[in-house]
């Protein structure tokens, strides 16, 4: 794809994803009861409603991204929210991150850089198509 | 074990299906609401399947398996939406699949 990738949308989505995960965690942590009551109590938590509101925003952002980009390009980039959530969780809930998590984070970052870096092949095609008439003359 | 496999495959398929319908929603203006509602419905069914999966197996085992979805969604993009995926993009998808599997299993 020679189209420019709009990074702002992907960064905004990763941010919203991360906040949603945190609100869900907060809702689950504050919910009490056993069995079905536990799930019912989740909906009494303010946090789950914050999360649901953000989910609407998440949906709109995702549709906007898909409107501008290939699914096979956009979907892998959403993996960005996995390490960002882990990092925020480490801050908020003092969760320990193992070496394996850091290696995985490094791989995800490398993958995102690779997939969003400029596609030279498309440029070459454009150059070739431009130079073709010149060759015929 | 068989129930776990069936549920896990269902979850992964539903999750990929959800992305297919979101893509359709972003491309087809006339049926946008229908596609969005279908995607949200698939999401809810997937969630139910996922909660059931978590009853049968530890999250550290099943969550990394779901990262295979990055490959499945890539295939959906290629075959359903005729997206041009070069070797660079496939490599990136593979690296991200391995990366998320490592993160999700390395608690």
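Protein chains in written order, with the working numbering: chain A, 3 to 139; chain B, 85 to 191. Even for Gly, the Cβ is constructed at its ideal location relative to N, Cα and C.
Item: Validate contact between the region 178-190 of chain B and the region 101-117 of chain A using beta carbons, cut 8 Å, 3 pairs; Value: yes
Item: Short-range partners of chain B found in the region 39-70 of chain A, where Cβ spacing is below 7 Å; Value: 64, 65, 68, 69
Item: Endpoints, the alpha helix (DSSP H) within which residue 94 (chain A) is located; Value: 83-95
Item: Residue 37 (chain A), DSSP secondary structure in three states; Value: coil
Item: Three or more C-beta pairs below 8 Å linking the region 159-179 of chain B and the region 119-126 of chain B; Value: no
Item: Other residues of its chain near residue 177 (chain B): CB distance less than 7 Å, five sequence neighbours each side excluded; Value: 154, 155, 158
Item: Short Cβ contact (7 Å threshold) for residue 187 (chain B) with residue 84 (chain A); Value: yes
Item: Residues that residue 117 (chain A) contacts on chain B, provided the C-beta gap is smaller than 9 Å; Value: 172, 173, 175, 176, 177, 179, 180
Item: With 16 other Cβ atoms within 10 Å as the buried cut-off, status of residue 131 (chain B); Value: exposed
Item: Residue range of the unbroken alpha helix (DSSP H) whose run includes residue 175 (chain B); Value: 171-189
Item: Inter-residue Cα distance where the pair is residue 104 (chain A) and residue 114 (chain B); Value: 44 Å
Item: Range covered by the alpha helix (DSSP H) that runs through residue 103 (chain B); Value: 86-111
Item: Min CB distance residue 102 (chain A) to chain B below 7 Å; Value: yes
Item: Close Cβ partners of residue 101 (chain B) (< 6 Å) along its chain, the five nearest in sequence each way excluded; Value: 126
Item: Alpha-carbon to alpha-carbon, residue 50 (chain A) and residue 170 (chain B); Value: 40 Å
Item: Contacts of residue 72 (chain A) in chain B (Cβ-Cβ under 7 Å); Value: 161, 167
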